[in-house]
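Below: the structure, in structure tokens.
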Amino acid sequence: MAEMWINMGPQHPMTHGLWNLRVKVDGETIVDAEPEVGYLHRGIEKICENRTYPQIIPLADRLCYGSSLTWSHLYCMTVEDLMGVEVPERAEYIRVVTLEMQRLASHLMWLAAYAVDLGMMAGFIYSMRDREVLVDLLQSLSGSRLTYNYPRIGGVAHDLPPNWDREALRACNYIETRLKEYEDLYEGSKIFMMRNVDVGLLTKEDALDLGVTGPPLRASGVRYDMRKDRPYSVYSDLDFEVCSRPEGDCFARYRVRIDEMWESCKIIRQAIQRMPKGKWRTVAPRNAPVGTGLGRVEDPRGEGMMYVVGDGSDKPYRLKIRSPIFITVSAAPSMLVGYKMADVVAIMGGLDMCIGECDR
Amino acid sequence: MNLFQFCNGIIVWLVELVNNLWYWLGDVLPWYFGDFFTGIGDFAGSHGHIVVMTIVLESLMVIIVALINVLNFIWLDRKLSGRIFDFYGPYYVGYRIGGWLQNLADGMKLFVKEIIVPAKADKLGFLLAPVIFVGSSFLILATIPLSPNFGIATNESGEFVTAGVLFAFAAFAIAPFSILLAGWSSNNKFTLIGGMRSAAQMMSYEIPLLLTVASVVLLAGSFSFVGIVDAQHDIWFAIPLFIGLVVFLVCIAAEVEVTPFDLPEAEAELVEGWTTEYSGMRFGLFMMTSYLRGYAGGALATALFLGGWQGPSLIPDEIWFLIKAYTVFVVIEWMRWSLPRVRVDQILELGWKRLLPLAVLNLLIAATFKTMGWFSG
Amino acid sequence: MREGGRSNQDPTGNIERAPLTIGEDPEEHVLRTINDEFGKSVEGSERVRAGLIRARLARDSLYDACKLLRDDLGFEHLSMISAVDYPDRFEIVYHINSYQSNIMLELIVKLPKDDPTVDSISSIWGGANWNERESYDLMGIVFNDHPKLERILLPKDTMYHPLRKDFRM
Numbered sequence: 246m247a248e249m250w251i252n253m254g255p256q257h258p259m260t261h262g263l264w265n266l267r268v269k270v271d272g273e274t275i276v277d278a279e280p281e282v283g284y285l286h287r288g289i290e291k292i293c294e295n296r297t298y299p300q301i302i303p304l305a306d307r308l309c310y311g312s313s314l315t316w317s318h319l320y321c322m323t324v325e326d327l328m329g330v331e332v333p334e335r336a337e338y339i340r341v342v343t344l345e346m347q348r349l350a351s352h353l354m355w356l357a358a359y360a361v362d363l364g365m366m367a368g369f370i371y372s373m374r375d376r377e378v379l380v381d382l383l384q385s386l387s388g389s390r391l392t393y394n395y396p397r398i399g400g401v402a403h404d405l406p407p408n409w410d411r412e413a414l415r416a417c418n419y420i421e422t423r424l425k426e427y428e429d430l431y432e433g434s435k436i437f438m439m440r441n442v443d444v445g446l447l448t449k450e451d452a453l454d455l456g457v458t459g460p461p462l463r464a465s466g467v468r469y470d471m472r473k474d475r476p477y478s479v480y481s482d483l484d485f486e487v488c489s490r491p492e493g494d495c496f497a498r499y500r501v502r503i504d505e506m507w508e509s510c511k512i513i514r515q516a517i518q519r520m521p522k523g524k525w526r527t528v529a530p531r532n533a534p535v536g537t538g539l540g541r542v543e544d545p546r547g548e549g550m551m552y553v554v555g556d557g558s559d560k561p562y563r564l565k566i567r568s569p570i571f572i573t574v575s576a577a578p579s580m581l582v583g584y585k586m587a588d589v590v591a592i593m594g595g596l597d598m599c600i601g602e603c604d605r
Numbered sequence: 010m011n012l013f014q015f016c017n018g019i020i021v022w023l024v025e026l027v028n029n030l031w032y033w034l035g036d037v038l039p040w041y042f043g044d045f046f047t048g049i050g051d052f053a054g055s056h057g058h059i060v061v062m063t064i065v066l067e068s069l070m071v072i073i074v075a076l077i078n079v080l081n082f083i084w085l086d087r088k089l090s091g092r093i094f095d096f097y098g099p100y101y102v103g104y105r106i107g108g109w110l111q112n113l114a115d116g117m118k119l120f121v122k123e124i125i126v127p128a129k130a131d132k133l134g135f136l137l138a139p140v141i142f143v144g145s146s147f148l149i150l151a152t153i154p155l156s157p158n159f160g161i162a163t164n165e166s167g168e169f170v171t172a173g174v175l176f177a178f179a180a181f182a183i184a185p186f187s188i189l190l191a192g193w194s195s196n197n198k199f200t201l202i203g204g205m206r207s208a209a210q211m212m213s214y215e216i217p218l219l220l221t222v223a224s225v226v227l228l229a230g231s232f233s234f235v236g237i238v239d240a241q242h243d244i245w246f247a248i249p250l251f252i253g254l255v256v257f258l259v260c261i262a263a264e265v266e267v268t269p270f271d272l273p274e275a276e277a278e279l280v281e282g283w284t285t286e287y288s289g290m291r292f293g294l295f296m297m298t299s300y301l302r303g304y305a306g307g308a309l310a311t312a313l314f315l316g317g318w319q320g321p322s323l324i325p326d327e328i329w330f331l332i333k334a335y336t337v338f339v340v341i342e343w344m345r346w347s348l349p350r351v352r353v354d355q356i357l358e359l360g361w362k363r364l365l366p367l368a369v370l371n372l373l374i375a376a377t378f379k380t381m382g383w384f385s386g
Numbered sequence: 068m069r070e071g072g073r074s075n076q077d078p079t080g081n082i083e084r085a086p087l088t089i090g091e092d093p094e095e096h097v098l099r100t101i102n103d104e105f106g107k108s109v110e111g112s113e114r115v116r117a118g119l120i121r122a123r124l125a126r127d128s129l130y131d132a133c134k135l136l137r138d139d140l141g142f143e144h145l146s147m148i149s150a151v152d153y154p155d156r157f158e159i160v161y162h163i164n165s166y167q168s169n170i171m172l173e174l175i176v177k178l179p180k181d182d183p184t185v186d187s188i189s190s191i192w193g194g195a196n197w198n199e200r201e202s203y204d205l206m207g208i209v210f211n212d213h214p215k216l217e218r219i220l221l222p223k224d225t226m227y228h229p230l231r232k233d234f235r236m
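Written out as structure tokens, the structure reads:
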């Protein structure tokens with residue numbers, strides 16, 4: 246068969262969103278690839294320039310449907326940095342608990358999508374079912390199931406509901422038992438290992454050069470986790486491991502995410518135990534000072550970052566959002582070339598695409 | 010009484026019933042009309058006509074049995090996947106019989122949908138492919154008897170054709186052609202790749218499949234299903250030829266394209282593979298036929314390895330046969346819903362480097378048993 | 068076949084921390100090196116808070132400075148390129164991160180309104196490629212020697228750069 250370009254997208258089961266991966270195949274082998282994004286561009290950065298600071302929190306939620314809480318939290322952190330607002334300690338702990346729950350939910354959704362990418366319907370159903378536990382908890386906390394609108398500039402919207410912490414601990418126990426089952430289900434399957442090991446190799450040098458962050462970077466042998474190396478909330482008080490693997494293939498990325506889920510359960514337990522009583526919100530000023538603010542968090546997908554420029558009014562002069570997936574997907578060709586067409590879904594699924602934040 | 014005699018009786022009774030009309034017309038009408046109707050009656054009562062109509066009726070009954078089995082299979086598959094995935098499966102349509110009518114409802118929905126032919130598709134090939142696929146799949150069932158009394162590939166006294174196995178596998182092997190035709194004529198890159206994959210996969214899995222069948226034929230000393238099942242009177246071939254059974258099931262799963270081997274219609278990378286461009290009932294035919302092939306595969310495994318219709322005579326032979334075929338199908342579906350999909354190079358590697366040597370080993374074992382004289386036939 | 072199981076916390080997976088001059092704070096080291104090498108073109112440098120330093124640079128020396136930053140000072144990771152449209156100027160803010168010494172450097176380059184061009188650094192950090200395309204797309208900054216300076220988020224035939232302040236919603 247001669248070489249031909251194939252559009253995998255924008256309407257394609259592989260894409261998990263709305264983007265286009267053009268691949269040039271020789272038979273079944275990929276000789277070139279070119280991602281195209283922008284189908285979901287909503288101009289959030291421009292919209293933000295016409296909204297007051299608190300109005301942007303729900304917009305930041307809409308950046309990523311998989312882990313919306315991370316983004317609203319990141320936005321609040323950035324604006325707090327700009328305004329110089331101190332967040333009460335209880336709010337920080339609540340934020341850490343919800344962030345880790347969001348990470349668990351996001352990774353479970355990734356696992357579900359990854360399983361169905363590889364043709365394993367059972368994994369999809371199981372992961373989505375277990376994600377429900379976390380989503381229900383977050384719903385009882387914030388009132389909504391997908392875009393939570395929970396953090397506020399200077400704290401969180403409300404205190405925890407009664408008995409919520411006990412439910413969260415039970416959810417952790419449940420997720421941990423389920424995680425064991427997933428490990429058996431996936432790694433016990435020889436086909437899963439055949440599809441993942443030594444597929445989509447991303448060397449450490451390439452990962453660093455192309456700006457890949459998050460689980461793909463850690464799976465390539467760079468042990469860098471912002472929660473540990475540049476702790477932002479109260480992560481410095483908590484005891485957890487940075488998960489990394491040296492191989493840099495799809496299996497390493499899968500394994501890093503599973504390990505992160507274990508660590509997230511650990512973090513939730515500690516944070517709930519150490520959570521102090523007290524205020525959960527301070528009043529933030531209406532207008533921001535002239536200056537810049539910078540926020541960085543470890544998103545489930547990589548390094549989320551926001552840069553805000555304040556001009557003294559109640560609206561941001563400029564809000565720049567760094568999406569980890571936007572940069573990671575630009576590194577896709579270096580992972581794809583040389584593998585088979587069926588590996589495209591394994592590799593791109595292993596990156597955990599989220600087009601909402603990528604296109605903004 | 011076998012199926013032929015049963016159908017023959019029905020046809021003879023029907024013909025006599027209708028011939029009353031023709032001969033009465035011949036009597037009452039003037040000669041130039043009356044001779045015409047009398048002639049019709051004579052033709053209808055002739056031996057050749059009755060035999061042909063009997064065969065048609067037999068085929069119809071086999072097809073109806075197969076379709077009911079397919080409906081059962083789809084329902085069973087949905088219920089089973091529901092149990093595996095922690096939900097109910099079909100429930101509302103026909104809730105008193107466990108949602109069994111859901112398949113009929115889906116079929117009706119597909120019937121009223123528009124059949125879209127892509128503008129640049131090769132129309133003849135596009136429309137012909139499902140017909141070949143469905144037709145060849147029904148052909149497989151032509152020689153598979155559900156019991157010594159239930160099968161159409163017999164002569165008038167109920168003796169089965171001696172080359173039934175050969176015919177069944179020859180019919181099994183037509184499908185790659187129609188799949189390739191469907192993939193190519195759709196004029197779509199995904200369907201083309203799907204068709205190519207399907208052709209490569211089916212051809213490479215035919216060989217170990219037929220080698221295991223050869224081992225069974227060697228042990229039984231017969232090419233007919235009845236002979237093979239009779240040879241398993243003392244011991245099922247699944248026990249001496251266990252490797253063969255495993256290879257056979259894997260190959261059948263690959264031929265039927267269920268999930269570990271459903272590369273030709275891998276929905277994650279190829280949208281829907283070679284069926285991408287099909288819509289309406291033509292897609293429904295493909296889907297139904299894949300279950301039909303699953304039924305055929307289960308029936309073949311039952312007849313070749315699991316002792317066919319043999320079992321305690323509490324329940325009829327046909328039911329024994331179907332129970333075994335359903336069990337095989339459930340095993341295949343269990344595999345389908347819990348395993349990820351393999352890659353195209355891995356599936357060919359598995360076929361040529363693992364299954365082929367195993368099949369040859371199985372043949373060797375069968376030959377050993379045969380030379381030791383443990384199986385006569 | 069590799070084994071599954073819990074993560075191997077492989078010590079070789081760690082990044083090598085760069086050797087420091089004895090007794091010198093890494094952030095001061097970076098600031099001093101930038102000031103020494105590009106004294107004339109540095110328009111200001113400060114330490115914002117722990118782990119974050121800021122430097123303003125003339126646009127001519129941007130490429131050389133970035134090369135120095137990556138090769139000698141161990142800034143392996145370009146996090147983000149943000150273009151800001153001030154009333155009198157464009158500013159491009161490069162957030163460059165060092166995994167070795169765990170410092171974030173905020174490198175600000177001022178561009179005049181009538182000539183928003185700057186050298187591309189996508190040959191230094193591959194991750195800058197799409198960042199620069201995005202800045203070109205939304206803000207209209209032209210990056211010299213960029214391998215493929217095309218619109219990325221908006222359609223190819225868009226006539227405007229929407230994040231500029233003169234683009235009214």
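Protein chains in written order, with this note's numbering: chain A, 246 to 605; chain B, 10 to 386; chain C, 68 to 236.
Glycine included, every Cβ here is placed at the ideal spot set by N, Cα and C.
{"Item": "Proximity below 8 Å, CB of residue 264 of chain A to CB of residue 572 of chain A", "Value": "no"}
{"Item": "Whole-angstrom distance between residue 589 of chain A and residue 202 of chain C, CA atom to CA atom", "Value": "29 Å"}
{"Item": "Stretch-stretch touch, CB-based, cutoff 8 Å, three pairs: the segment 106–122 of chain B with the segment 192–200 of chain B", "Value": "no"}
{"Item": "Alpha carbon of residue 68 of chain C to alpha carbon of residue 484 of chain A, nearest angstrom", "Value": "Confidence is the limiting factor: at residue 68 of chain C the pLDDT is only 41, short of 50, which leaves the residue's position unreliable and the question unanswerable from this model."}
{"Item": "Residue environment, residue 106 of chain B, which counts as buried when at least 16 other CB atoms sit within 10 Å", "Value": "exposed"}
{"Item": "Within chain A, the residues that residue 280 of chain B reaches when beta carbons sit closer than 8 Å", "Value": "257, 258"}
{"Item": "Continuous beta strand (DSSP E) stretch holding residue 332 of chain A: start and end", "Value": "Premise fails: residue 332 of chain A is in no beta strand (DSSP E) and is neither H nor E."}
{"Item": "Backbone CA spacing between residue 7 of chain B and residue 131 of chain B [nearest angstrom]", "Value": "Residue coverage of chain B in this structure runs from 10 to 386, which leaves residue 7 of chain B outside it and unanswerable."}
{"Item": "Extent of the continuous alpha helix (DSSP H) to which residue 426 of chain A belongs", "Value": "409–432"}
{"Item": "Proximity to residue 492 of chain A [Cα-Cα], best of A:515, A:448, A:319", "Value": "A:448"}
{"Item": "Meets three-Cβ-pair contact criterion under 8 Å: the segment 140–157 of chain B and the segment 322–334 of chain B", "Value": "yes"}
{"Item": "Validate contact between the segment 158–176 of chain B and the segment 245–263 of chain B using beta carbons, cut 8 Å, 3 pairs", "Value": "no"}
{"Item": "Through-space distance from residue 121 of chain B to residue 47 of chain B, alpha-carbon basis", "Value": "44 Å"}
{"Item": "is_contact[residue 455 of chain A, chain C] using C-beta, thresh 8 Å", "Value": "yes"}
{"Item": "Where residue 140 of chain B falls, given that 16 or more other Cβ within 10 Å makes a residue buried", "Value": "exposed"}
{"Item": "CB contact flag (residue 474 of chain A, residue 169 of chain C, <8 Å)", "Value": "yes"}
{"Item": "Where residue 68 of chain C sits in the DSSP three-state scheme", "Value": "The predicted position of residue 68 of chain C is uncertain, since its pLDDT is 41 and thus under 50; no value can be drawn from it."}
{"Item": "For residue 265 of chain A: DSSP bridge partner residues", "Value": "A:281"}
{"Item": "Neighbour-count burial assignment, residue 228 of chain C, 16 or more Cβ in a 10 Å radius", "Value": "buried"}
{"Item": "Of the listed residues A:481, A:361, A:270, nearest to residue 591 of chain A (C-alpha basis)", "Value": "A:361"}
{"Item": "Partners in chain A for residue 352 of chain B, counting only beta-carbon separations shorter than 8 Å", "Value": "439, 440, 585, 587, 588"}
{"Item": "Cross-chain neighbours of residue 151 of chain C in chain A, by beta carbon under 8 Å", "Value": "554, 562, 563, 565"}
{"Item": "Proximity test, residue 123 of chain C beta-carbon vs the ligand NAD heavy atom, cut-off 7 Å", "Value": "The ligand NAD is not part of this structure, which contains no ligands at all."}
{"Item": "Buried versus exposed, by CB contacts within 10 Å (16 or more), residue 323 of chain A", "Value": "buried"}
{"Item": "Any 3 or more C-beta pairs closer than 8 Å across the segment 454–471 of chain A and the segment 543–563 of chain A", "Value": "yes"}
{"Item": "Where the alpha helix (DSSP H) through residue 31 of chain B begins and ends", "Value": "12–37"}
{"Item": "Beta-carbon neighbours of residue 226 of chain C, restricted to chain A and to distances below 8 Å", "Value": "Going along chain A, no residue has its Cβ under 8 Å from residue 226 of chain C, so there is no contact; the nearest lies around 15 Å."}
{"Item": "CA-to-CA distance, residue 339 of chain B to residue 353 of chain B, given in whole angstroms", "Value": "25 Å"}
{"Item": "Cβ contact (3+ pairs, closer than 8 Å) linking the segment 521–533 of chain A and the segment 563–570 of chain A", "Value": "no"}
{"Item": "For residue 364 of chain B and residue 96 of chain B, the rounded distance between their alpha carbons", "Value": "35 Å"}
{"Item": "Stretch-stretch touch, CB-based, cutoff 8 Å, three pairs: the segment 291–299 of chain A with the segment 373–392 of chain A", "Value": "no"}
{"Item": "Whole-angstrom distance between residue 425 of chain A and residue 131 of chain C, CA atom to CA atom", "Value": "51 Å"}
{"Item": "9 Å Cβ cut-off: residues of chain C touching residue 291 of chain A", "Value": "205, 229, 230, 234, 236"}
{"Item": "Residue 303 of chain B versus B:137, B:102, B:86, residue with shortest Cα-Cα distance", "Value": "B:86"}
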